Structure formats: structure tokens, C-alpha cells
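Residue numbers for the sequence shown follow my numbering, so the first one is 4 and each next one is one higher.
Notes follow once the structure below has been shown.
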Amino acid sequence: MPDPRLPCSWTQPLCPRHSGPDAAAIPGSPRIAEPTARALHARLLQNAALRRQRGLERQRSGRRDDADYWLHAAPVAVKKACALRRELAFAPLP
């Protein structure tokens, strides 16, 4: 079992902490309930961080085309999160 304090590597084929079926990607699986505005906002920001991480990993491995794509995709996810926050206008965190 990997150390839970360490982040998972995208190069690792199957991470025991994150393996298993993805309900959103399996046809016929039950629909996941609508997330709250905060949960969706947090998920979009997490996606942005993961995209940036993928881009940096691709850059280190010399895969420049992939790196450019992922490094461009990260700010797009942040913009979506910001737009969602403005659209839903939920109360700020204390």
C-alpha cells in the first residue's frame, strides 16, 4: 500500500487508493447526485491543479506537445470555476 501522505503519480498504472470503477464513465451506472455549488467549484479547481501537474510531468518527460495541451487546459478549468462562482453567487467562506 502506498504512503497516503504522498501524491499519486500519473505514471503509476493503478493506484490502490484510486482504482475501481468510475461510476460516471460506466454505461448503465446510477446517476451521481448533483453536487453542491461549493463541491463543483472545488472539483473544477482540483481538475485545474491535476491538469497543471500532468503538464509538468509531460514537460519533464520531453513530451512537449502533450505538455502544451495540459498546461493550456489548466487555466481554462480555473476560468470555468470562476465563472461558476460568479453565476451561482454563493456566500464566501468565513
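We put the CB at the ideal spot given by N, CA and C, even for glycine.
Bear in mind the structure is a predicted one, so any value in this text is a computation, not a measurement.
Burial check for A42: the Cβ neighbour count within 10 Å stays below 16, so the residue is exposed.
Counting the other CB atoms within 10 Å of its CB gives L47 a total of 16 or more, which places it among the buried residues.
The alpha-carbon separation between L53 and L74 amounts to approximately 10 Å.
Residues of the same chain with a CB within less than 7 Å of the CB of H44, apart from the 5 flanking positions on each side, are A84, L87, R88 in chain order.
Residue burial annotation: G31 is exposed, with fewer than 16 other C-beta atoms found within 10 angstroms of its C-beta.
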